[in-house]
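Here the structure comes first, spelled out in structure tokens, and everything after it is commentary.
Residue numbers (the working numbering): 6 to 93.
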């Protein structure tokens, strides 16, 4: 464990060398000299990829109310016929 604060630890994106930036404003790899601020992993995604398409929400399944109404009418008709048969 280092006794002094050596700054931020980096792994070079070009040569994979591990190093500390020694609190310098520009983190340069000591082996290959690559500026770590130019790392492709740090670049923002292109505007095409950032724009998200709206999420399609599936429409709720609506049961047909007409079928239920027809069934209720058939039940009422059957009850009406039973009452008429009982009155005779």
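Built from N, CA and C at the ideal position, the CB exists for glycine as well.
In terms of alpha-carbon separation, which member of 76, 13, 61 lies closest to residue 41? 13
Within 10 Å of its beta-carbon, does residue 37 have 16 or more other beta-carbons around it, so buried, or fewer, so exposed? exposed
Test: residue 20 CB closer than 9 Å to a CB of chain D: You won't find chain D in this structure, because it holds only one protein chain.
Around the C-beta of residue 32, are 16 or more other C-beta atoms found within 10 angstroms, so that it is buried, or is it exposed? Here residue 32 is buried: its Cβ has 16 or more other Cβ atoms, across all protein chains shown, within 10 Å.
Have a look at residue 18 and residue 35 and give me their C-alpha separation to the nearest angstrom. 12 Å
Note down, in chain order, each residue of its chain lying with its Cβ closer than 7 Å to the Cβ of residue 26, except the 5 sequence neighbours on either side. 12, 13, 15, 32
For the ligand FMN, any of its heavy atoms closer than 8 Å to the Cβ of residue 65? No copy of the ligand FMN appears in this structure; indeed no ligand is present at all.
Cutting at 8 Å between CB atoms, please list the residues of its own chain near residue 44, excluding the five before and the five after it. Once the five neighbours on either side are set aside, the close Cβ partners of residue 44 are 18.
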